[in-house]
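Residue numbers for the sequence shown, in the UniProt record's numbering: 1 to 100. From the three backbone atoms N, C-alpha and C, an ideal C-beta is built for every residue, glycine too.
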Amino acid sequence: SVFQEAFFWKDIGCSHSRAVRLYIESIKNKDCKMVGFPCVGGYNTFLLKGECFDTSKAFPLGLNTPRNANGELYLTTRIVAPFCGIQLKVNISVDIPYSF
C-alpha cells in the first residue's frame with residue numbers, strides 16, 4: 001500500500017525510527033529470534049560482501065541482549081512486519097572445466 005511504502009522510505013532515511021518496532025517484535029515474536037552481528041567493515045561489508053556472520057560474536061536483540069553489549073550490530077530484516085527472518089549465508093562454488 002502507499003501507506004506502507006511511505007513508512008518504508010522514511011525508515012531508509014532514519015533507521016533509528018524503526019528500532020522501536022524491531023525491539024517490540026523481538027519481545028513479542030517467540031518463533032523468530034533477532035540476532036545482530038558486529039562488523040568492523042560496516043553495513044556494506046555485512047550486506048554486500050556477506051562477511052561478519054560469525055555466530056560466536058552475535059548478540060540476541062531485545063530483552064535477551066547482554067547488559068555489557070555495546071557497539072554497532074548489523075542484521076537484515078523484512079520491509080514490513082513481521083520484520084524478523086532467518087539470516088543465511090550461502091557460498092556457492094562452481095567448478096566447470098573449460099578449454100580453449
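Judging by CA-CA distance, which residue of the options is the nearest neighbour of residue i?
i, options, result
"residue 60", "94, 40, 84", "84"
"residue 65", "20, 36, 99", "36"
Our contact map puts residue i next to residue j with C-beta atoms below 8 Å; I'd like the distance itself, whole angstroms only.
i, j, result
"residue 34", "residue 75", "6 Å"
My output table needs one value for residue i: the three-state DSSP class, helix, strand or coil.
i, result
"residue 5", "Because the pLDDT at residue 5 is just 45, under 50, the model does not fix this residue reliably, and the point stays unresolved."
"residue 90", "coil"
"residue 23", "helix"
"residue 11", "Note that residue 11 scores a pLDDT of 47, beneath 50, so its modelled location is shaky; the value from the coordinates is reported in the next line. Three-state DSSP puts residue 11 in a helix."
"residue 59", "strand"
"residue 98", "coil"
"residue 53", "coil"
Taking the C-alpha atoms as reference points, what is the distance between residue i and residue j?
i, j, result
"residue 92", "residue 51", "14 Å"
"residue 18", "residue 68", "23 Å"
"residue 49", "residue 99", "30 Å"
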